[in-house]
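K.L.:
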Amino acid sequence: MSLSILQTVRPGGVIEIAPRGEIDVDTAYEVKEAIAEVLAKGRPARIELNMRLVTFIDSVGISAMVAGFQTAEVSGVKLVVTEPSRFVHRQLWVTGLLGLFGAPEPYYAGAATPEVLPGA
C-alpha cells in the first residue's frame, strides 16, 4: 500500500499533516519531508500530525516522526500527534514515545461523532 499525505491549514495558524496508508521503510521519508516543507514555508503555531488513517507504522516510520518532532522543536514549533489509529497508538505506547507526541487518545471510528441535527 502506498502513502498519501494531505496538508491543511487550520484556524489559529495550525498546520495539519494527515498521512494515509502505511508508514514504513519505503515511505517514512515522506512524513519527514512533509514536516520539513511546512517549516520551510514559515513558523506555524503548531503542527498536528493526524494519524487516524495510518494503517501500519514500523520502526523507520517512528524514527521519521521523532526526527520531525526534533526538527520542529529546533524551529520553536510544537508538533503533536492527533487521532492516532489504534495500531499507531499501540506502537507509540510500546516504544515509550506516546508522551513525546502529546499522549493522544486512540481514534475509534464512530466514537464521539457529533450528531448532525436536521436543519442545522
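According to UniProt numbering, the sequence shown is numbered sequentially starting from 1. Note that the Cβ used here is the ideal one computed from N, Cα and C, for glycine as well. Because the structure is a prediction, the values reported are computed rather than measured.
(1) Any idea what DSSP makes of residue 55, helix, strand or coil?
(2) For residue 105, which of helix, strand or coil comes out of DSSP?
(3) Any idea what DSSP makes of residue 120, helix, strand or coil?
(4) Any idea if residue 107 is buried or exposed, counting beta-carbon neighbours within 10 angstroms, 16 or more meaning buried?
(5) Which residues share a DSSP beta bridge with residue 14?
(6) Let me confirm a value: residue 85 is counted as buried when at least 16 other C-beta atoms fall within 10 Å, else exposed. Which label applies?
(7) Buried or exposed for residue 28, please, with buried defined as at least 16 other CB atoms from any protein chain shown within 10 angstroms of its CB.
(8) Suppose you measure from the CA of residue 4 to the CA of residue 51; what does that come to, to the nearest Å?
(9) Have a look at residue 54 and residue 21 and give me their C-alpha separation to the nearest angstrom.
(10) Does DSSP classify residue 71 as helix, strand or coil?
P.N.:
Taking the structure as given:
(1) strand
(2) coil
(3) Unreliable placement is indicated for residue 120, whose pLDDT of 45 sits below 50; no coordinate value is reported for it.
(4) buried
(5) 10 and 46
(6) buried
(7) buried
(8) 12 Å
(9) 5 Å
(10) helix
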